[in-house]
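Protein chains: 2
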Amino acid sequence: MPKLIDHQAREEAIVEAAWRVMVRDGAAAVSVRNVAAEADLATASLRRAFPSQSDLLVACLTLMGTRAEARIRALRPRPDAVAMAMAQLGETMPLDDQRRVEMKVYVVLGIAALSDPALRAAHQRIDAGIERLCASVVASLSPSAPRSERARATRHLHALLDGLALHLLHGMSPRAATNTLRQYVLSLSKA
Amino acid sequence: MPKLIDHQAREEAIVEAAWRVMVRDGAAAVSVRNVAAEADLATASLRRAFPSQSDLLVACLTLMGTRAEARIRALRPRPDAVAMAMAQLGETMPLDDQRRVEMKVYVVLGIAALSDPALRAAHQRIDAGIERLCASVVASLSPSAPRSERARATRHLHALLDGLALHLLHGMSPRAATNTLRQYVLSLSKA
DNA sequence: AACAATTTAACACAGTCGTACTAGAATGAG
DNA sequence: CTCATTCTAGTACGACTGTGTTAAATTGTT
Numbered sequence: 006m007p008k009l010i011d012h013q014a015r016e017e018a019i020v021e022a023a024w025r026v027m028v029r030d031g032a033a034a035v036s037v038r039n040v041a042a043e044a045d046l047a048t049a050s051l052r053r054a055f056p057s058q059s060d061l062l063v064a065c066l067t068l069m070g071t072r073a074e075a076r077i078r079a080l081r082p083r084p085d086a087v088a089m090a091m092a093q094l095g096e097t098m099p100l101d102d103q104r105r106v107e108m109k110v111y112v113v114l115g116i117a118a119l120s121d122p123a124l125r126a127a128h129q130r131i132d133a134g135i136e137r138l139c140a141s142v143v144a145s146l147s148p149s150a151p152r153s154e155r156a157r158a159t160r161h162l163h164a165l166l167d168g169l170a171l172h173l174l175h176g177m178s179p180r181a182a183t184n185t186l187r188q189y190v191l192s193l194s195k196a
Numbered sequence: 006m007p008k009l010i011d012h013q014a015r016e017e018a019i020v021e022a023a024w025r026v027m028v029r030d031g032a033a034a035v036s037v038r039n040v041a042a043e044a045d046l047a048t049a050s051l052r053r054a055f056p057s058q059s060d061l062l063v064a065c066l067t068l069m070g071t072r073a074e075a076r077i078r079a080l081r082p083r084p085d086a087v088a089m090a091m092a093q094l095g096e097t098m099p100l101d102d103q104r105r106v107e108m109k110v111y112v113v114l115g116i117a118a119l120s121d122p123a124l125r126a127a128h129q130r131i132d133a134g135i136e137r138l139c140a141s142v143v144a145s146l147s148p149s150a151p152r153s154e155r156a157r158a159t160r161h162l163h164a165l166l167d168g169l170a171l172h173l174l175h176g177m178s179p180r181a182a183t184n185t186l187r188q189y190v191l192s193l194s195k196a
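Chains as they are written, first to last, in the numbering used here: chain A, 6 to 196; chain B, 6 to 196.
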């Protein structure tokens with residue numbers, strides 16, 4: 006039998022290389038050749054893992070969602086609902102390089118998804134996950150609020166989260182973003 | 006003297022053609038050739054107005070800012086502060102095709118600005134304008150709040166606005182977005 | 001050591017990109 | 001009508017793109 010390769014590990018390495026290219030040079034630079042060079046692979050090897058560029062981009066988005074979801078799922082429960090909410094929401098904010106990269110990937114490919122059906126599906130899955138997270142946070146903080154009010158708060162929280170993500174990429178300080186988010190979370194728990 | 010051409014009108018026509026291409030096919034499709042074809046012009050004519058692609062993209066962003074600012078400036082004052090605030094903020098939301106196009110341009114090029122210094126400067130000017138608008142809205146609704154509180158509300162409003170813009174592009178209904186925004190504006194006026 | 005399966009390297013193809021140049025068409029002023 | 005000036009069409013160049021294909025190198029098993 007031939008050279009044995011851990012394909013899953015390789016796929017992740019390729020995706021991470023693509024992330025680096027995207028963060029460094031923008032979405033337009035994520036070409037098969039650039040990513041292969043960044044991953045120190047032949048373009049043909051990359052094509053075994055991802056036959057088309059579209060597959061690669063979708064994998065970029067999907068792995069980002071998987072990673073973030075895993076981190077949130079791994080959080081230890083906390084008794085304080087506000088602290089728990091902030092911990093969960095904070096996993097979607099760029100407090101370290103890892104999360105900063107993921108957020109940029111999410112936002113950049115989210116825009117690309119506006120004119121790419123394949124990306125659109127992957128993006129909607131992640132978007133739905135964030136929506137569920139927001140709904141669960143709202144439910145835990147304002148359990149007694151009427152349903153329509155919770156729905157509105159969920160939309161509000163979701164938009165705030167994505168808006169802060171955008172501003173963080175454009176240079177907003179993580180402190181300011183965290184404070185803004187915390188203030189809204191607190192207002193939910195009081196209402 | 007030769008053919009007389011209204012250069013400003015032509016530049017705007019070119020930029021609008023570029024907008025159409027960007028909205029229809031994404032930012033990657035905004036090439037000199039595609040835009041020239043969309044504007045029914047020779048590529049050489051386009052190059053007279055915008056010598057480089059970067060110039061064209063910057064103009065796309067700048068004209069968008071100019072148009073939106075002009076619309077906001079042209080609003081008739083209203084006695085009701087909440088109504089005035091919603092009218093001003095609403096000018097940044099896609100309630101018609103015109104605004105929808107502009108919002109998409111703003112968001113798409115805002116992402117492109119993350120890895121393009123020329124675009125970055127143009128984007129920051131518009132971003133600063135929106136920030137000023139948010140600050141003025143907050144000031145008119147919560148004149149008695151302490152300064153730090155107003156600063157936080159401004160950041161909150163700004164993030165909410167951009168987050169809703171993103172969600173609107175991804176299919177959120179304008180009604181839901183308007184309701185969410187109105188609810189926050191109302192909460193500002195009560196506090 | 002020899003085989004077989006997989007990975008890699010290298011190249012090829014057709015297309016588009018930004019940018020540049022040149023020759024000719026169009027047109028307002030005299 | 002003529003001229004001067006501007007605009008346009010067309011072409012060209014080198015670089016890059018996604019996608020294939022083919023031959024050679026690599027390596028676990030027998």
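We put the CB at the ideal spot given by N, CA and C, even for glycine.
Given the structure is predicted, the values throughout are model-derived calculations rather than measurements.
With Glu74 (chain B) as the anchor, note down where its alpha helix (DSSP H) starts and where it stops.
Taking the first residue of the second sequence as 1, we reach residue 74 (chain B) at position 69. Gln58 to Arg78 is the extent of the alpha helix (DSSP H) around Glu74 (chain B).
Endpoints, alpha helix (DSSP H) assigned at Glu136 (chain A)
As a working note, residue 136 (chain A) is residue 131 in the first sequence. First-last of the alpha helix (DSSP H) with Glu136 (chain A): Pro122 to Leu146.
If you measure between the beta carbons of Cys65 (chain B) and Val20 (chain B), is that distance less than 7 Å?
Locating residue 65 (chain B) in the second sequence gives position 60, where the first residue counts as 1. Locating residue 20 (chain B) in the second sequence gives position 15, where the first residue counts as 1. Yes; because the gap between Cβ atoms is below 7 Å, this pair is in contact.
What in chain B is Cβ-close to Ser120 (chain A), meaning under 7 Å?
One-based indexing of the first sequence puts residue 120 (chain A) at position 115. Here the neighbours are Asp30 and Gly31.
Buried or exposed by the 16-neighbour rule on C-beta atoms within 10 Å, applied to Pro99 (chain A)
Position 94 of the first sequence, counting from 1, holds the residue named residue 99 (chain A). So Pro99 (chain A) ends up on the buried side.
Going along the chain, which residues of the segment 68-100 of chain A sit with their C-beta nearer than 9 Å to a C-beta in chain B?
Per Cβ criterion, the list is empty.
The alpha helix (DSSP H) with Glu43 (chain A) in it runs from where to where?
What you label residue 43 (chain A) is simply residue 38 of the first sequence in a count that begins at 1. Counting along the chain, the alpha helix (DSSP H) containing Glu43 (chain A) begins and ends at Val37 to Glu43.
Under 7 Å Cβ-Cβ, which residues of chain B neighbour Arg160 (chain A)?
Along the first sequence, one-based indexing puts residue 160 (chain A) at 155. Simply Ala181 and Thr185.
Go through its chain and collect everything with a Cβ distance to Ala144 (chain B)'s Cβ below 7 Å, but skip five positions before and after it.
As a position in the second sequence, residue 144 (chain B) is number 139, starting the count at 1. Correct list, in chain order: Arg155.
Could you check what DSSP says for His253 (chain A) in three-state terms: helix, strand or coil?
Residue 253 (chain A) lies beyond the range of chain A shown here (6 to 196); nothing can be said about it.
Give the straight-line distance between the Cα atoms of Ser50 (chain B) and Met69 (chain B), rounded to the nearest whole angstrom.
Position 45 of the second sequence, counted from the start, is the residue given in the question as residue 50 (chain B). Position 64 of the second sequence, counted from the start, is the residue given in the question as residue 69 (chain B). Ser50 (chain B) and Met69 (chain B): Cα-Cα distance of roughly 22 Å.
Give me the Cα-Cα distance between Leu174 (chain B) and Met89 (chain B), rounded to the nearest whole angstrom.
Sequence index remark: in the second sequence, residue 174 (chain B) carries index 169 (1-based). Sequence index remark: in the second sequence, residue 89 (chain B) carries index 84 (1-based). Roughly 24 Å separates the two Cα atoms.
Buried or exposed (CB count within 10 angstroms, at least 16 for buried), Leu146 (chain A)
Locating residue 146 (chain A) in the first sequence gives position 141, where the first residue counts as 1. Burial state of Leu146 (chain A) is buried, judged by a 10 Å Cβ sphere holding 16 or more other Cβ atoms.
Listed by chain order, chain A residues near Val26 (chain B) by CB distance under 7 Å:
Here residue 26 (chain B) refers to the residue found at position 21 of the second sequence. Within chain A, no residue comes near Val26 (chain B); the closest Cβ sits about 11 Å away, beyond 7 Å.
Under 7 Å between C-beta atoms of Gly31 (chain A) and Ser59 (chain B):
Looking up residue 31 (chain A) in the first sequence gives position 26. Looking up residue 59 (chain B) in the second sequence gives position 54. No, they are not a contact pair.
Residues of the segment 106-117 of chain B with a CB closer than 8 Å to any CB of chain A: list them in chain order, please.
Lys109, Val112, Val113, Gly115, Ile116 and Ala117
Starting from Arg15 (chain A), follow the alpha helix (DSSP H) in both directions and report where the run begins and ends.
Position 10 of the first sequence holds residue 15 (chain A). That run of the alpha helix (DSSP H) goes His12 to Asp30.
What do you get for Ala22 (chain A), buried or exposed, if any count of 16 or more other CB atoms within 10 angstroms of its CB means buried?
Here residue 22 (chain A) refers to the residue found at position 17 when the first sequence is read from its first residue. It counts as buried.
Establish whether the CB of Leu124 (chain A) and some CB of chain B are separated by less than 7 Å.
To locate residue 124 (chain A), count along the first sequence from 1; it is residue 119. Answer no: the Cβ-Cβ gap between Leu124 (chain A) and chain B never drops below 7 Å.
Can you name, in chain order, every residue of its own chain whose Cβ lies under 6 Å from the Cβ of Ile77 (chain B), other than the five neighbours on each side?
Position 72 of the second sequence, counted from the start, is the residue given in the question as residue 77 (chain B). Answer for Ile77 (chain B): Gln93 and Glu96, listed in chain order.
For Arg152 (chain B), return the contacting residues in chain A, with the cut-off set at a CB-CB distance below 9 Å.
In the second sequence, counting from the first residue as 1, residue 152 (chain B) sits at position 147. None at all; the shortest Cβ gap to chain A is about 15 Å.
Arg81 (chain A) in three-state terms, based on DSSP
In the first sequence, residue 81 (chain A) corresponds to position 76, counting from 1. Reduced to three states, the DSSP call for Arg81 (chain A) is coil.
Indicate whether the contact test is met: 3 or more Cβ pairs, each with one atom in the segment 173-190 of chain A and one in the segment 118-132 of chain A, closer than 8 Å.
no
Rounded to the nearest angstrom, what separates Arg157 (chain A) and Thr185 (chain B) at their Cα positions?
Counting from one through the first sequence, the residue named residue 157 (chain A) turns up at place 152. Counting from one through the second sequence, the residue named residue 185 (chain B) turns up at place 180. So the alpha carbons of these two residues sit roughly 6 Å apart.
Alpha carbon to alpha carbon, what distance is there between Ile116 (chain A) and Ala14 (chain A)?
Your numbering for residue 14 (chain A) matches position 9 in the first sequence. Your numbering for residue 116 (chain A) matches position 111 in the first sequence. Going by the C-alpha atoms only, they are around 28 Å apart.
List, in order along the chain, the chain A residues whose C-beta lies closer than 8 Å to that of Gln103 (chain B)?
For this step, residue 103 (chain B) is matched to residue 98 along the second sequence. Neighbours of Gln103 (chain B) on chain A: none; closest Cβ ~18 Å, over 8 Å.
Quick check: Phe112 (chain A) and Trp24 (chain A), are their CB atoms within less than 7 Å of each other?
In the first sequence, residue 112 (chain A) corresponds to position 107, counting from 1. In the first sequence, residue 24 (chain A) corresponds to position 19, counting from 1. The displayed chain sequence assigns Val, not Phe, to residue 112 (chain A). No; because the gap between Cβ atoms is not below 7 Å, this pair is not in contact.
Going by the CB atoms, is the gap between His128 (chain B) and Ala118 (chain B) shorter than 7 Å?
By one-based count along the second sequence, residue 118 (chain B) stands at place 113. By one-based count along the second sequence, residue 128 (chain B) stands at place 123. In this structure, Ala118 (chain B) places its C-beta atom within 7 Å of the C-beta atom of His128 (chain B).
How would you label Asp167 (chain B), buried or exposed, when you count the other beta carbons within 10 angstroms and need 16 or more for buried?
As a working note, residue 167 (chain B) is residue 162 in the second sequence. Its Cβ being crowded by 16 or more others within 10 Å, Asp167 (chain B) is buried.
Determine whether the Cβ of His12 (chain A) lies closer than 7 Å to any Cβ atom of chain B.
For the purposes of this step, residue 12 (chain A) is identified with residue 7 of the first sequence, where counting begins at 1. Under the 7 Å criterion on CB atoms, His12 (chain A) is classed as non-interfacial with respect to chain B.
Leaving out five residues before and five after Arg52 (chain A) in sequence, what residues of the same chain have Cβ atoms less than 8 Å from its Cβ?
As a first step, residue 52 (chain A) must be located in the first sequence, where it is residue number 47. So the list reads Val37, once near-sequence residues are dropped.
Short of 8 Å in beta carbon distance, which residues of its chain neighbour His163 (chain B), apart from the five on each side in sequence? Order them along the chain.
As a first step, residue 163 (chain B) must be located in the second sequence, where it is residue number 158. Answer for His163 (chain B): Ile135, Glu136 and Cys139, listed in chain order.
Selection from A:Ser149, A:Thr183 and A:Phe55 that minimises the alpha carbon distance to Arg160 (chain B):
Numbered from 1 along the second sequence, position 155 holds the residue referred to as residue 160 (chain B). Nearest option by C-alpha distance: A:Thr183.
With distances taken Cα to Cα, identify the nearest neighbour of Leu114 (chain B) among B:Ala33, B:Glu16, B:Ala47 and B:Ala54.
Along the second sequence, read from residue 1 onward, the residue named residue 114 (chain B) stands at position 109. Nearest of B:Ala33, B:Glu16, B:Ala47 and B:Ala54 to Leu114 (chain B), Cα basis: B:Ala33.
Does any residue of chain B bring its CB to less than 7 Å from the CB of Leu62 (chain A)?
Taking the first residue of the first sequence as 1, we reach residue 62 (chain A) at position 57. For Leu62 (chain A), no Cβ of chain B is located within less than 7 Å of the residue's own Cβ.
Does the beta-carbon of Leu80 (chain A) have 16 or more other beta-carbons within 10 angstroms, so that it is buried, or is it exposed?
For this step, residue 80 (chain A) is matched to residue 75 along the first sequence. So Leu80 (chain A) ends up on the exposed side.
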